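Student:
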Amino acid sequence: MKKLLLPLAAILLLALAVPAAFSEAELGIGLSPGQISGAPDPSNVDPIINFHVGWTWSILFLSWDSYAMPDYWVYTNTSYTDQWGGYHDGFNVPGFLNMFDIGVKIVLKPFVGFVEIGTNGLYLRGGENYGRVGVNARLGAGLKFGFWGINFSGTQVFNSTQDMSAAFHDAAHGNWSTLTDGMVPTLDLVIYF
10 MKKLLLPLAA ILLLALAVPA AFSEAELGIG LSPGQISGAP DPSNVDPIIN FHVGWTWSIL
70 FLSWDSYAMP DYWVYTNTSY TDQWGGYHDG FNVPGFLNMF DIGVKIVLKP FVGFVEIGTN
130 GLYLRGGENY GRVGVNARLG AGLKFGFWGI NFSGTQVFNS TQDMSAAFHD AAHGNWSTLT
190 DGMVPTLDLV IYF
């Protein structure tokens, strides 16, 4: 993870050197297939809705994405086995998986491409916060038509920076499955301001 800090700092400094005339805000709504969420009956699930807010300054890209996760996904992802082998039930309520990301976005109209990393947190129905912070990585591409566009992205959610570092290490040594298995595909409709 420390190896990523220097390139990210260089990108941030480069983006700050460019005038604000090259900045742009975006709002979007998207869908992900419900089967990826570990549904008890994968043939009978609704798609997962997500909300997107983004801001681009030169090539620097900041975004917040919130996925409306069903109760069975929250339960599966908050249940765990502790170090002594004891099983702990998770929360059986729906929630919002919030992702706060920073990355690089390249626009060569009409084509758009972006890469991001960031943190995520789970907000549970009833006002509870799960309390654990995870990390995520996202790769996406799309088409931009004036004030609107369509993006397709794949997001991989990790429980910790150690899990993400191990996945990137495996990918660097030819084992891409730890980085791509479980990746959440999302199709977004975006409006630019």
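In this note's numbering, each residue's number is its place in the sequence shown (first place is 1) plus 9. Beta carbons are placed, not taken as given, at the ideal position from N, Cα and C, and that holds for glycine. Note that the structure is predicted; figures quoted are calculated from it, not measured.
State whether the region 112–119 contacts the region 153–165, with contact taken as three or more CB pairs (one from each stretch) at a distance under 8 Å.
Tutor: yes
Student: Are H61 and V166 close, meaning C-beta to C-beta below 8 Å?
Tutor: no
Student: On the three-state DSSP scale, how would you describe D178?
Tutor: Sequence check: residue 178 is His here, not Asp. H178: helix per DSSP, three-state reduction.
Student: For G136, which three-state DSSP category applies?
Tutor: coil
Student: Can you give me the Cβ contacts of G99 inside the same chain, cut-off strictly under 8 Å, excluding the 5 residues immediately before and after it?
Tutor: V83, Y84, T85, N86, T87, S88, Y89
Student: Give every residue of the same chain whose Cβ lies closer than 6 Å to the Cβ of F203, excluding the five residues on either side of it in the sequence, and list them in chain order.
Tutor: What is shown of the chain runs 10 to 202, which leaves residue 203 out entirely.
Student: Measure from the alpha carbon of K153 to the alpha carbon of each residue in G37, L15, P16, I20, then state which is nearest.
Tutor: G37
Student: Just grab the DSSP bridge partners of D74 for me.
Tutor: In DSSP, D74 forms a bridge with H61, M108.
Student: For T116, does the three-state DSSP call read helix, strand or coil?
Tutor: Checking the sequence, you will find Val at residue 116 rather than Thr. In the structure shown, V116 sits in a strand (DSSP, three-state: E or B).
Student: CA-CA distance, A150 and I115?
Tutor: 9 Å
Student: Below 8 Å on the Cβ atoms is my guess for M78 versus G104; work out the distance and round it to an integer in Å.
Tutor: 5 Å
Student: Going by DSSP in three states, F31 sits in which element: helix, strand or coil?
Tutor: helix
Student: Taking C-beta to C-beta, are V113 and D80 nearer than 8 Å?
Tutor: With contacts defined by Cβ atoms closer than 8 Å, V113 and D80 do not form a contacting pair.
Student: Taking 8 Å as the threshold (C-beta atoms), are Y132 and N168 in contact?
Tutor: no
Student: Taking the alpha helix (DSSP H) that D80 falls in, what are its first and last residues?
Tutor: 80–87
Student: According to DSSP, is P16 helix, strand or coil?
Tutor: helix
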